[in-house]
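These notes are about the structure you will find just below.
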Amino acid sequence: MIVKLVKCINLKSNNNNNNNNNIMDGSGPIQKVVLLCMSLCLANDSPFSSPSCPTVSVVDFCGQTLHGDGMVLTSHRDSRRYYFVVASTDCQLTMQAATPKDKVQFQFRFFLVYSMVRSPSSTLASNDHPTLALPKSRSERETPDPCTAGSYVQFYDGQNHTAKPLGMPLCGKNIPRPVTSTGNFLTLRLVTRGQQPRVDFVGDFTSVRTGLNASACSMESYFPCHNGKCIPPSLVCDGSSVDNCGDGTDQAAQSPAWCKGWWL
Numbered sequence: 001m002i003v004k005l006v007k008c009i010n011l012k013s014n015n016n017n018n019n020n021n022n023i024m025d026g027s028g029p030i031q032k033v034v035l036l037c038m039s040l041c042l043a044n045d046s047p048f049s050s051p052s053c054p055t056v057s058v059v060d061f062c063g064q065t066l067h068g069d070g071m072v073l074t075s076h077r078d079s080r081r082y083y084f085v086v087a088s089t090d091c092q093l094t095m096q097a098a099t100p101k102d103k104v105q106f107q108f109r110f111f112l113v114y115s116m117v118r119s120p121s122s123t124l125a126s127n128d129h130p131t132l133a134l135p136k137s138r139s140e141r142e143t144p145d146p147c148t149a150g151s152y153v154q155f156y157d158g159q160n161h162t163a164k165p166l167g168m169p170l171c172g173k174n175i176p177r178p179v180t181s182t183g184n185f186l187t188l189r190l191v192t193r194g195q196q197p198r199v200d201f202v203g204d205f206t207s208v209r210t211g212l213n214a215s216a217c218s219m220e221s222y223f224p225c226h227n228g229k230c231i232p233p234s235l236v237c238d239g240s241s242v243d244n245c246g247d248g249t250d251q252a253a254q255s256p257a258w259c260k261g262w263w264l
């Protein structure tokens with residue numbers, strides 16, 4: 001049996017202009033809350049609720065904060081069909097875990113970020129149009145550029161790019177390792193430099209809780225993954241088959257998920 005649901009995700013905007021022409025500027029002082037409502041399917045064959053994760057484009061929601069159990073992120077609307085090729089992009093998107101006790105885990109599923117012609121500058125976050133660029137943090141000014149002045153993605157352990165960077169800037173064609181915040185915020189920043197940028201990525205963020213055994217996890221009304229993580233039950237047996245646990249537990253036909261036939 002398939003039941004139609006509607007799931008609403010809070011989007012806290014830091015942008016003072018909703019015009020798509022200004023999506024590169026996320027520094028506006030006005031705070032807005034937008035409800036992104038998605039029609040989702042729920043299968044009743046599992047003891048857990050199972051809506052598929054909403055999908056959000058990074059460049060469409062530049063400068064905003066996504067708050068929820070989990071979500072699929074793409075670089076742009078036409079991901080896996082066409083590259084994102086807009087030069088001088090400097091866009092940050094912040095993910096907030098479902099509760100203050102949770103952390104944010106991000107896993108790329110597909111990753112391609114580089115520039116055909118690199119910028120002559122060798123510093124991070126350089127931009128052909130400085131008025132569109134976010135201010136550089138001290139760590140960025142002092143860190144060598146591993147992406148050799150091409151386009152890159154950088155994660156930050158907090159609400160914006162002034163927080164501590166998590167790892168080095170990411171570029172190339174290999175899928176990076178998963179990233180987990182230390183608190184309940186994680187910021188992703190996309191920068192295109194040089195000429196002819198080629199950007200296309202797909203990933204997902206998950207609100208996770210760690211440090212609990214299976215019993216404690218269940219007492220918190222969370223789903224116990226075999227790898228020791230706990231995730232919201234709304235992500236279990238979801239129609240998009242996103243592996244939010246990271247070990248397949250939440251999509252398995254065996255205990256404790258007992259996923260059955262959500263596609264039927």
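So in this note's numbering, spot 60 of the sequence shown is number 60, and the numbers just go up one at a time. We put the CB at the ideal spot given by N, CA and C, even for glycine.
Q254 carries a coil assignment under DSSP once its states are collapsed to helix, strand and coil.
S207 sits close to D102, with the two beta carbons spaced by under 8 angstroms.
Below 8 angstroms, enough C-beta pairs join the stretch 194–206 and the stretch 81–89 to call them touching: three or more.
For C91, the enclosing beta strand (DSSP E) begins and ends at D90 to Q96. Distance from the CA atom of G211 to the CA atom of L186, rounded to whole angstroms, is 19 angstroms.
Residue state for V179 is assigned as strand, using DSSP reduced to three classes. N227 has its alpha-carbon roughly 40 angstroms from the corresponding atom of S88. When the Cα atoms are used, M116 and G194 turn out to be separated by approximately 8 angstroms.
Between the beta-carbon of C245 and that of C259 there is about 12 angstroms, and that puts the pair past the 8 angstroms contact cut.
As the crow flies, the alpha-carbon of V59 is around 17 angstroms from that of Q196. Assigned with DSSP and collapsed to three states, C217 falls in helix.
Around the CB of A216, fewer than 16 other CB atoms lie within 10 Å, so the residue is classed as exposed. By the 16-neighbour rule on beta-carbons within 10 angstroms, D247 is exposed. Between L170 and P176, the C-beta gap is smaller than 8 angstroms, which places the two residues in contact. The alpha-carbon separation between A252 and S181 amounts to approximately 26 angstroms. Close CB contacts of Q159 within its chain, under the 7 angstroms cut and outside five residues either way in sequence, are with T94, F185 and T187 (chain order).
A direct Cα-to-Cα measurement between D250 and S221 gives close to 14 angstroms. The C-alpha of N174 is placed about 26 angstroms away from the C-alpha of A97. Following the DSSP letters along the chain, one finds R209 in no beta strand (DSSP E), marked with neither H nor E. Secondary structure note for R81: it is in no beta strand (DSSP E), with a DSSP letter that is neither H nor E.
By alpha-carbon distance to T192, the top candidate from A149, D157, F108 and T55 is A149.
Sixteen is the threshold: since fewer than 16 other Cβ atoms of the shown chains lie within 10 Å of the Cβ of G167, the residue is exposed.
In this structure, the straight-line span from the alpha carbon of M71 to that of A214 is close to 24 angstroms. When secondary structure is reduced to three states using DSSP, S57 falls in the strand class. Following the DSSP letters along the chain, one finds T187 inside the beta strand (DSSP E) bounded by residues F185 to V191.
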